[in-house]
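Per the numbering used here, residue 205 is the first one in the sequence shown, and the count goes up by one each step.
Glycine included, C-beta positions come from ideal geometry on N, C-alpha and C.
Here the structure is a predicted model, which means the values were calculated and not measured.
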Amino acid sequence: MFHSSVVLSFFFMLQSIAFAASPVILKKEVSAYRDQVEACIHFSGEPSDDPVRAAQLKREIKKFCPGIPQEGKRLREKYKNDPRTIEDLDRIAAEYRAAFGE
Numbered sequence: 205m206f207h208s209s210v211v212l213s214f215f216f217m218l219q220s221i222a223f224a225a226s227p228v229i230l231k232k233e234v235s236a237y238r239d240q241v242e243a244c245i246h247f248s249g250e251p252s253d254d255p256v257r258a259a260q261l262k263r264e265i266k267k268f269c270p271g272i273p274q275e276g277k278r279l280r281e282k283y284k285n286d287p288r289t290i291e292d293l294d295r296i297a298a299e300y301r302a303a304f305g306e
């Protein structure tokens, strides 16, 4: 578990750098979706032996993770004629799949 979370954290960091290096400004709702995906990945990959922290992580996962695939589909449909936004959504989806294998 720890090894995979370290690998995922590294992948997440690389993806974040790629987004940060890009001069493109994401549409507001795509940016919010990316933030939701990144938060879900972060909290899901954080191990904790501390029961208090584990409970906090569980709350954060419950807050950020539900509905991600459905929101991705909705945004894809909304921006289907916008290739740049679809490319952004593809990167976000790849990040999510790398973390969760979905």
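Asked: Beta-carbon proximity check, residue 299 vs residue 241, cutoff 8 Å; Found: yes
Asked: Stretch-stretch touch, CB-based, cutoff 8 Å, three pairs: the region 232-248 with the region 270-281; Found: yes
Asked: Where residue 235 falls: helix, strand or coil (DSSP); Found: helix
Asked: Under 8 Å between C-beta atoms of residue 261 and residue 280; Found: no
Asked: Burial state of residue 303 (16 or more Cβ within 10 Å); Found: buried
Asked: For residue 279, the first and last residue of its enclosing alpha helix (DSSP H); Found: 272-282
Asked: Residue 229 - containing alpha helix (DSSP H), residue span; Found: Note, residue 229: premise wrong, no alpha helix (DSSP H); not H, not E.
Asked: Proximal residues to residue 286 (C-beta, below 7 Å), its chain only, five neighbours per side dropped; Found: none
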